[in-house]
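Peer 1: For reference, the structure I am asking about is given below.
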Amino acid sequence: KQWYQRRVRVIQEKVDKTKAEMANDGPWVLPEGHTYQTELPATGLSDKELFGVISKYNTLNDVAWRKGRCSGTIYCAEEDKNDMLSEVYKRYCWSNPLHVDCFKDVRKMEAEVVAMCGALFNHPSKASGTVTSGGTESILMSMK
């Protein structure tokens with residue numbers, strides 16, 4: 019029993035030391051002049067105020083993803099695609115693919131993407147699939 023208690027104490031000390039070191043380093047530590055907003059504001063922000071907040075958030079980014087320095091996070095940094103992508107987003111930002119009865123167009127797009135991807139991998143005729151929002155979700159869904 020004493021051996022066990024000593025071992026647990028040693029492990030706890032290592033955990034405490036690591037936590038203390040991590041508290042002052044890592045992606046969650048904000049630079050000087052930035053704080054986390056932890057409560058909803060009493061009133062909403064005007065568009066101008068909102069874009070001011072967004073502009074301040076943008077100063078936190080220091081990765082040169084536009085130069086291809088961030089593998090696996092940004093898949094298209096071609097400036098000439100911005101207008102087209104923004105227009106597509108405007109048309110579908112309020113859609114909900116879970117409600118196929120209301121958004122038949124989104125369901126059709128999903129079915130076509132799944133069929134195209136399946137064809138790339140010689141899927142069986144009864145194969146099915148779904149579109150997900152990101153990498154981790156996609157990996158988890160593939161294991162379902």
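Taking our numbering as reference, the numbering of the sequence shown is continuous, increasing by one, and the terminal residue is 162. The C-beta atom is built at its ideal place from N, Cα and C for all residues, glycine as well. Because the structure is a prediction, the values reported are computed rather than measured.
(1) Could you give the uninterrupted runs of the alpha helix (DSSP H) lying entirely in the stretch 61-94, keeping only those of 4 residues or more?
(2) So Thr150 packs on Val132, CB below 8 Å; how close in whole Å?
(3) Starting from Tyr107 and walking both ways along the alpha helix (DSSP H), at which residues does that stretch end?
(4) Assuming the contact rule is C-beta atoms closer than 8 Å, Ala145 and Gly136 should be a hit. Round their C-beta distance to whole Å, please.
(5) Among Ser89, Pro142, Arg24 and Pro49, which one has its Cα closest to the Cα of Gly78?
(6) Quick check: the Cα distance between Asp123 and Tyr110, rounded to an integer number of angstroms?
Peer 2: The short version:
(1) 65-76
(2) At roughly 11 Å, the Cβ-Cβ gap does not stay under 8 Å, so Thr150 and Val132 are not in contact.
(3) Asn100 to Tyr110
(4) The Cβ separation is near 5 Å, so the contact holds.
(5) Looking at the sequence shown, residue 78 is not Gly but Leu. Among Ser89, Pro142, Arg24 and Pro49, the Cα nearest to that of Leu78 belongs to Pro49.
(6) 10 Å
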